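Number of protein chains: 2
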Amino acid sequence: MHKEHNLSKNQQIIFDLIDKSPEPLKAYTILFNVQKKGIKAPLQVYRALDKLVEIGKIHKIESRNAFIACHNSSCQVAKATAFSICEICEKVTEISSAGLSKYLANFKDKDGMKYSKYNLEFFGLCKKCR
Amino acid sequence: MHKEHNLSKNQQIIFDLIDKSPEPLKAYTILFNVQKKGIKAPLQVYRALDKLVEIGKIHKIESRNAFIACHNSSCQVAKATAFSICEICEKVTEISSAGLSKYLANFKDKDGMKYSKYNLEFFGLCKKCR
DNA sequence: TTATTAATGTTATATTATTACACAGCGTTA
DNA sequence: TAACGCTGTGTAATAATATAACATTAATAA
Ligand SMILES: [Zn+2]
Ligand SMILES: [Zn+2]
Ligand SMILES: [Zn+2]
Ligand SMILES: [Zn+2]
Numbered sequence: 001m002h003k004e005h006n007l008s009k010n011q012q013i014i015f016d017l018i019d020k021s022p023e024p025l026k027a028y029t030i031l032f033n034v035q036k037k038g039i040k041a042p043l044q045v046y047r048a049l050d051k052l053v054e055i056g057k058i059h060k061i062e063s064r065n066a067f068i069a070c071h072n073s074s075c076q077v078a079k080a081t082a083f084s085i086c087e088i089c090e091k092v093t094e095i096s097s098a099g100l101s102k103y104l105a106n107f108k109d110k111d112g113m114k115y116s117k118y119n120l121e122f123f124g125l126c127k128k129c130r
Numbered sequence: 001m002h003k004e005h006n007l008s009k010n011q012q013i014i015f016d017l018i019d020k021s022p023e024p025l026k027a028y029t030i031l032f033n034v035q036k037k038g039i040k041a042p043l044q045v046y047r048a049l050d051k052l053v054e055i056g057k058i059h060k061i062e063s064r065n066a067f068i069a070c071h072n073s074s075c076q077v078a079k080a081t082a083f084s085i086c087e088i089c090e091k092v093t094e095i096s097s098a099g100l101s102k103y104l105a106n107f108k109d110k111d112g113m114k115y116s117k118y119n120l121e122f123f124g125l126c127k128k129c130r
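Here the protein sequences come in this chain order: A and B.
Its first residue numbered 1, the first sequence is counted upward by one per residue in the numbering used here.
Its first residue numbered 1, the second sequence is counted upward by one per residue in the numbering used here.
1) When you compare only the Cα positions, how much space is there between Met1(A) and Ala69(A)?
2) For His59(A), verify whether its CB is less than 7 Å away from any heavy atom of ligand 5.
3) Quick one: what's got a C-beta closer than 8 Å to Glu62(A)'s C-beta in the same chain, skipping five residues either side?
4) Hey, how far is the Cα of Met113(A) from the Cα of Ser21(B)?
5) Quick check: what's the CA-CA separation for Asp111(B) versus Ala105(A)?
6) Here's the rule: buried if 16 or more other CB atoms are within 10 angstroms of the residue's CB, otherwise exposed. What is Leu43(B)?
7) To the nearest angstrom, how far is it from the Cα of Lys102(A) to the Cα of Glu23(B)?
8) Would you kindly work out how many angstroms separate the C-alpha atoms of Tyr46(A) and Lys60(A), rounded to a whole number?
9) Determine the extent of the alpha helix (DSSP H) in which Asn106(B) is found, giving its start and end residues.
10) Would you say Met1(B) faces chain A, with C-beta separation under 8 Å as the test?
11) Counting Cβ pairs closer than 8 Å, one from the region 7-15 of chain A and one from the region 26-40 of chain A, do we hit at least three?
12) With a 10 Å radius around its C-beta and 16 neighbouring C-beta atoms as the bar for buried, classify Ser84(B) as buried or exposed.
13) Compare the C-beta of Phe122(B) against all C-beta atoms of chain A and say whether one is closer than 8 Å.
14) Between the C-alpha atoms of Asp109(A) and Gly38(A), what's the straight-line distance to the nearest angstrom?
15) Any chance the CB of Asn72(A) is under 7 Å from a heavy atom of ligand 1?
16) Say yes only if the C-beta of Lys91(B) is nearer than 7 Å to one or more non-hydrogen atoms of ligand 4, and no if none qualify.
17) Determine the closest residue to Val77(A) out of Lys26(A), Gly56(A), Ile14(A), Arg130(A), with distance taken between C-alpha atoms.
18) Mind checking who Leu25(A) pairs with in its DSSP beta bridge?
19) Tell me the DSSP bridge mates of Phe122(B)?
20) Output the boundary residues of the beta strand (DSSP E) element that contains Glu94(A).
21) Check for me: the beta strand (DSSP E) holding Lys57(B) runs from which residue to which?
22) Whose C-alpha, out of Lys51(B), Lys91(B), Glu54(B), is nearest the C-alpha of Arg64(B)?
23) With a threshold of 8 Å between beta carbons, is Ile68(B) in contact with chain A?
24) Whose CA, out of Asp19(A), His5(A), Ser96(A), Leu100(A), lies closest to the CA of Glu54(A)?
25) Give the DSSP-derived three-state secondary structure of Ile61(B) in the structure shown.
26) Applying a beta-carbon distance threshold of less than 7 Å, which residues of chain A neighbour Glu62(B)?
27) Mind checking if Ile58(B) is an interface residue toward chain A, Cβ cutoff 8 Å exclusive?
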């Protein structure tokens with residue numbers, strides 16, 4: 001259960017594009033694809049992306065500078081994300097494992113510090129490319 | 001125990017700079033700092049960085065586009081890295097936890113896939129900023 | 001209403017990273 | 001020796017990613 005956010009016009013346009021994409025989208029690919037809808041400048045895209053990331057509707061794949069819609073309602077609160085990335089076809093999948101999130105949320109570093117926020121990217125070959 | 005690599009001139013200059021830095025360095029900060037040693041172009045920096053990452057002498061902090069020397073001989077082989085990042089002072093620490101690396105190396109996604117390569121970035125507050 | 005916050009539009013610029021091409025050094029091997 | 005492959009270097013140009021600064025408008029709250 002997570003808080004509903006009423007997306008603004010630009011946020012909604014950009015979220016819809018990302019949400020229906022089978023693969024993570026880069027900021028300038030998004031820009032190119034929404035120009036017909038009146039979004040003309042990089043900053044308009046980045047502002048919407050920032051907000052969408054903040055509220056957990058999308059995540060940034062840091063190693064790829066690309067954005068993917070969240071497919072896991074729980075990380076909308078915690079910003080604790082995990083992905084697998086295929087090094088051949090670049091397919092990205094959000095990992096939803098209770099065991100993994102529990103392990104990471106409870107992990108303590110050598111100072112005894114716990115972290116509720118993290119980003120984990122696994123690299124390997126997907127089913128198809130194996 | 002890991003293979004020794006004889007670094008080239010540019011690689012050595014750039015590694016030395018990163019290794020003695022208390023914080024992760026960005027590519028153009030590195031460029032600025034090695035210009036007195038004759039390294040004049042971004043590409044010379046990026047080529048050295050690519051190689052140093054490849055052989056595990058340094059790691060890239062993906063969320064910060066910055067590079068840090070490895071302080072953990074084991075990830076020089078596996079490219080399985082974990083860091084904690086302070087959201088206030090930006091201090092970055094490489095995490096060296098046998099438990100964590102074992103857990104992640106043995107983690108299986110829902111297709112039963114295991115991953116020997118991963119990058120994990122924890123975010124929180126460091127001791128000083130807490 | 002007034003005030004405040006969030007979102008937008010626009011231009012310019014900063015930051016991060018790669019392409020393309022020419023060449024030098026070194027070990028292998030024909 | 002010469003030919004080759006491989007790694008590294010030097011240089012210029014450019015591509016890709018992201019933010020600063022400023023003006024304006026829309027939505028929300030007091
Ligand atoms: Zn998610
Ligand atoms: Zn694949
Ligand atoms: Zn390391
Ligand atoms: Zn700190």
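All residues carry an ideal CB built from backbone N, CA and C; glycine is no exception.
This structure is a prediction, so every number in the text was calculated from the model and none was measured.
Put simply:
1) Translated into the one-based positions of the first sequence, residue 1(A) becomes position 1. Translated into the one-based positions of the first sequence, residue 69(A) becomes position 69. Caution is warranted here: a pLDDT of 34 is assigned to Met1(A), below 50, making its placement in the model unreliable, and no coordinate value can be reported.
2) Ligands in the displayed structure: ligand 1, ligand 2, ligand 3 and ligand 4; ligand 5 is not one of them.
3) The residue given as residue 62(A) occupies position 62 in the first sequence. Short of 8 Å from the beta carbon of Glu62(A), and not among the five residues preceding or following it, lie these beta carbons of its own chain, in chain order: Asn119, Glu121.
4) Numbered from its first residue, the first sequence carries residue 113(A) at position 113. Numbered from its first residue, the second sequence carries residue 21(B) at position 21. Within the model, the alpha-carbon separation for Met113(A) versus Ser21(B) is close to 24 Å.
5) As a first step, residue 111(B) must be located in the second sequence, where it is residue number 111. As a first step, residue 105(A) must be located in the first sequence, where it is residue number 105. One C-alpha to the other measures close to 23 Å.
6) The count along the second sequence starts at 1 and reaches residue 43(B) at position 43. That one is exposed.
7) On the first sequence, position 102 is the one that residue 102(A) refers to. On the second sequence, position 23 is the one that residue 23(B) refers to. Using only the alpha carbons, I get a separation of about 30 Å.
8) The residue labelled residue 46(A) in the question sits at position 46 within the first sequence. The residue labelled residue 60(A) in the question sits at position 60 within the first sequence. Rounded to whole angstroms, the gap between the alpha carbons of Tyr46(A) and Lys60(A) is 12 Å.
9) The sequence position of residue 106(B) within the second sequence is 106, counting from 1. Where Asn106(B) is concerned, the enclosing alpha helix (DSSP H) stretches over 98-106.
10) For the purposes of this step, residue 1(B) is taken as residue 1 along the second sequence, with counting starting at 1. Model confidence at Met1(B) stands at a pLDDT of 36, short of 50, so the residue's coordinates are unreliable; what they give is reported in the following sentence. It does not: the Cβ of Met1(B) has no partner Cβ on chain A nearer than 8 Å.
11) With a cut-off of 8 Å, the region 26-40 of chain A and the region 7-15 of chain A count as touching, because enough Cβ pairs lie within range.
12) Taking the second sequence and counting its residues from 1, one reaches residue 84(B) at position 84. By the neighbour-count rule (16 or more Cβ atoms within 10 Å), Ser84(B) is buried.
13) What you label residue 122(B) is simply residue 122 of the second sequence in a count that begins at 1. It does; some Cβ of chain A falls within 8 Å.
14) Here residue 109(A) refers to the residue found at position 109 when the first sequence is read from its first residue. Here residue 38(A) refers to the residue found at position 38 when the first sequence is read from its first residue. If you take the alpha carbons of Asp109(A) and Gly38(A), they lie about 47 Å apart.
15) The residue given as residue 72(A) occupies position 72 in the first sequence. Result yes, Cβ under 7 Å from ligand 1.
16) Stepping through the second sequence from its first residue, residue 91(B) is reached at position 91. Yes - ligand 4 has a heavy atom lying nearer than 7 Å to the Cβ of Lys91(B).
17) Taking the first sequence and counting its residues from 1, one reaches residue 77(A) at position 77. Of Lys26(A), Gly56(A), Ile14(A), Arg130(A), the residue nearest in Cα terms is Gly56(A).
18) The count along the first sequence starts at 1 and reaches residue 25(A) at position 25. Partner(s): Phe67(A).
19) For this step, residue 122(B) is matched to residue 122 along the second sequence. DSSP output for Phe122(B) lists Tyr118(A), Ser84(B) as bridge partner(s).
20) For the purposes of this step, residue 94(A) is taken as the residue at position 94 of the first sequence. Segment 92-94, the beta strand (DSSP E) holding Glu94(A).
21) Within the second sequence, the letter at position 57 stands for residue 57(B). Where Lys57(B) is concerned, there is no enclosing beta strand (DSSP E), given that its DSSP letter is neither H nor E.
22) As a position in the second sequence, residue 64(B) is number 64, starting the count at 1. Here the closest residue by C-alpha is Lys91(B).
23) Your numbering for residue 68(B) matches position 68 in the second sequence. Taking Cβ atoms only, chain A never reaches closer than 8 Å to Ile68(B), which makes this a no.
24) Taking the first residue of the first sequence as 1, we reach residue 54(A) at position 54. Looking only at Asp19(A), His5(A), Ser96(A), Leu100(A), the smallest Cα-Cα distance to Glu54(A) is reached by His5(A).
25) The count along the second sequence starts at 1 and reaches residue 61(B) at position 61. Strand.
26) Here residue 62(B) is taken as the residue at index 62 of the second sequence, counted from 1. Going along chain A in sequence order, the residues near Glu62(B) (Cβ under 7 Å) are Glu62, Ser63.
27) Indexing the second sequence from 1 puts residue 58(B) at position 58. Using beta-carbon distances, Ile58(B) does not count as an interface residue toward chain A, since no partner is under 8 Å.
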